[in-house]
Amino acid sequence: MARRNGGPSNTEIDMTPMIDMTFQLITFFMFVMNFSEAEQDDRIQLPSSQLAKPAEGVIEKPITLQLTNSGAVIYAGELVAVRDIGAYLEREKTVMIDENRAPNSATIIVRADGRAKTGEVQDIIRICQEKGFERFALRAQYDDRR
Amino acid sequence: MARRSSSGLTDKVEINMTPMIDVVFQLMSFFMCTLKVVSPEGDFDIRMPIAAAAAAAPDDQQVPPVRVKLSAAPDGSLAGIAMNGTPVADFDELRKRIIGLIGADSGPNSLAEKTEVEFDADYALEYANVVKAITAVSGKVENGQVVELIRKIKFTPPKKG
Chain P
938 MARRNGGPSN TEIDMTPMID MTFQLITFFM FVMNFSEAEQ DDRIQLPSSQ
988 LAKPAEGVIE KPITLQLTNS GAVIYAGELV AVRDIGAYLE REKTVMIDEN
1038 RAPNSATIIV RADGRAKTGE VQDIIRICQE KGFERFALRA QYDDRR
Chain L
1136 MARRSSSGLT DKVEINMTPM IDVVFQLMSF FMCTLKVVSP EGDFDIRMPI
1186 AAAAAAAPDD QQVPPVRVKL SAAPDGSLAG IAMNGTPVAD FDELRKRIIG
1236 LIGADSGPNS LAEKTEVEFD ADYALEYANV VKAITAVSGK VENGQVVELI
1286 RKIKFTPPKK G
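For the protein sequence lines, the chains are P and L, in the order given.
Adding 937 to a residue's 1-based position in the first sequence gives its number in the numbering used here.
Adding 1135 to a residue's 1-based position in the second sequence gives its number in the numbering used here.
The following block contains the structure:
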């Protein structure tokens, strides 16, 4: 049987289901997407706690200090030794004072690795206290298992 | 000029879908690429001013702080827990002792609100143990509901060695 040749064949595909699906997928990804600017680093394995429920409010302009298990602090994407974070915090403090905000109103988010030494977390807190910061949020991973 | 009226058959207006589908697929690939699977994280809020110990004037309302000592083994694991000097077997027992101390009342001006827990942890102790201890004293989960216990938490100054 000879197939009809010549001129473009006008096969119409019904695009509606595909477009429906694609839009649903886009909506899904838009909802799931995390727009928060929370600093997270894969090098940190947070300790888990069943009481660490995500906060309802947003912490305004927090300073995030992440402590790796080797004892280094990740501050703004840079690896810094614990004893050197004072200089960086001093800079943060100057910026805050320029913006008419008191250092004790800022929250320091401490994302420390579960295997890090407690003393190093305390050292970070002490350095922050010396610079006038007094609100701390110790971050942990929410674990809903009992 | 008279418009041709449709006689039973509807006119088929063909829309060129290609640009829309292109854009939609680009959007979809953008969202798929930027998607980061983030596990939920929460905070333990601690307010710890530097001069708290010196500035806190003793008054009748104040309840002496509960001291929780966390000792570390040489490898950083937990070697022992003690609450106000008496040894505690594990974190569940620590929670029971705290509940025994402050009672079930957790409303305003209750013992739970006034009592403060001071953690004295060894320098080398793995931080995960401290989070477990904070979890034990700051609340419990009962039938899926969080029951708050102690809200005031502080640490002793770090001791190297």
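Positions of the beta carbon are idealized from the N, C-alpha and C atoms, including for glycine.
- For the stretch 1051 to 1070 of chain P, the set of residues with a beta-carbon nearer than 7 angstroms to any beta-carbon of chain L comprises G1051, R1052, A1053, K1054, T1055, G1056, V1058, Q1059, D1060, I1062, R1063, Q1066, E1067, in chain order.
- If you ignore the 5 residues before and after L/V1282, its C-beta comes within less than 8 angstroms of the C-beta of S1241, G1274, K1275, V1276, all in its own chain and listed in chain order.
- The C-beta separation of L/V1265 from P/T1055 comes to about 5 angstroms, placing the pair in contact by the 8 angstroms criterion.
- When Cβ pairs closer than 8 angstroms are counted between the two stretches, the stretch 1144 to 1156 of chain L is seen not to touch the stretch 1065 to 1080 of chain P, the count staying below three.
- Beta-bridge partners of L/I1237 (DSSP): none assigned.
- Here L/P1199 carries a coil assignment [DSSP, helix/strand/coil].
- In the three-state scheme derived from DSSP, where H, G and I count as helix and E and B as strand, P/Y1079 is classed as strand.
- Separation of L/P1154 and P/M970 (C-alpha to C-alpha, rounded to the nearest whole angstrom) is 25 angstroms.
- Using beta-carbon distances, L/M1152 counts as an interface residue toward chain P, with a partner under 7 angstroms.
- When C-beta atoms of the stretch 1219 to 1231 of chain L are compared with those of the stretch 1167 to 1174 of chain L, fewer than three pairs fall below 8 angstroms, so the two segments do not count as touching.
- Annotation: Cβ neighbours of L/A1259 in chain P (cutoff 7 angstroms, chain order): K1054, G1056.
- Against chain P, a Cβ distance below 7 angstroms from L/G1274 picks out L988.
- Residue pairing of P/K998 in beta bridges, as defined by DSSP: absent, with no partner found.
- Interface annotation, L/P1200: not in contact with chain P, CB-CB separation never under 7 angstroms.
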